[in-house]
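The sequence shown lines up with residues 275 to 441 when you count with our numbering.
The C-beta atom is built at its ideal place from N, Cα and C for all residues, glycine as well.
Keep in mind that this is a model prediction, so the values were computed, not measured.
As structure tokens, the structure follows; a few thoughts come after it.
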Amino acid sequence: MKTERIGYTIANILLLALALLLVLAMNSCMTYKRAVRKYAHMAKDSVEVTTTVPIVIHDTLTIPGDTVTLSVQTDTTYLYKVVEGKRAKLTFERSKGLTRLTAEAKPDTVIRVISRTKTIRQKCPPVAQFGVAAWYRVGFFVALALLVLTLLFVLFTYIFRISIARR
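Rendered as structure tokens:
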């Protein structure tokens, strides 16, 4: 008799706790949904996204070629000599009383590559977050576990008549 009364009390306490948890969970969901409907623009703060973008600058400089000639009166010896380097050519020509020096600079292109990074900050508009909070899921599973335990307790105590008392 005494163990039966304790069983009733425990079952009633578990059922009351389960009912209280369900009422609180439903009430919290409704409050959350109402707040999101009313203040959707404030549901989540605006976010500032910072992105670093690599920038490569190709700078091309073209140097034009040029020719310079120098002629000087000299004696009658003959000489013709061409000296050529990577970017220049020198022609030394001596004939009949005239010495001529001709220097040519070849055209060139200088390419300079500059690599830099630029940080871009961009503000995103506020976004409302919808969905179920993580702790609601945990609460659901805890309530489900309590319900299963209560049902098992009721089944084994009252339907199958198993006593929990010491022997």
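Membership of F366 in the beta strand (DSSP E) is indicated by the continuous run A362 to S369. Distance between I385 and P338, taken at the CA atoms: about 14 Å. Using a C-beta cut-off of 8 Å, the region 325 to 336 makes no contact with the region 354 to 370, since fewer than three inter-stretch Cβ pairs fall below that distance.
Per DSSP, Y410 is one residue of the alpha helix (DSSP H) stretching across A408 to V428. Contact between the region 324 to 333 and the region 341 to 357 is not established, with fewer than three Cβ pairs separated by less than 8 Å.
By the neighbour-count criterion, in which a residue is buried when 16 or more other Cβ atoms sit within 10 angstroms of its Cβ, T431 is buried. The shortest C-alpha to C-alpha distance from K307 to any of A407, L423 and F415 is the one to A407.
Inclusion of L420 and L290 in the CB contact set at 7 Å is not warranted, their separation being larger than that value. The beta-carbon distance between L288 and F427, rounded to whole angstroms, is 7 Å. This is short enough to meet the 8 Å contact definition. Annotated three-state conformation of T376 is strand, per DSSP. Under the three-state reduction of DSSP, T383 is assigned to strand. Residue state for T283 is assigned as helix, using DSSP reduced to three classes.
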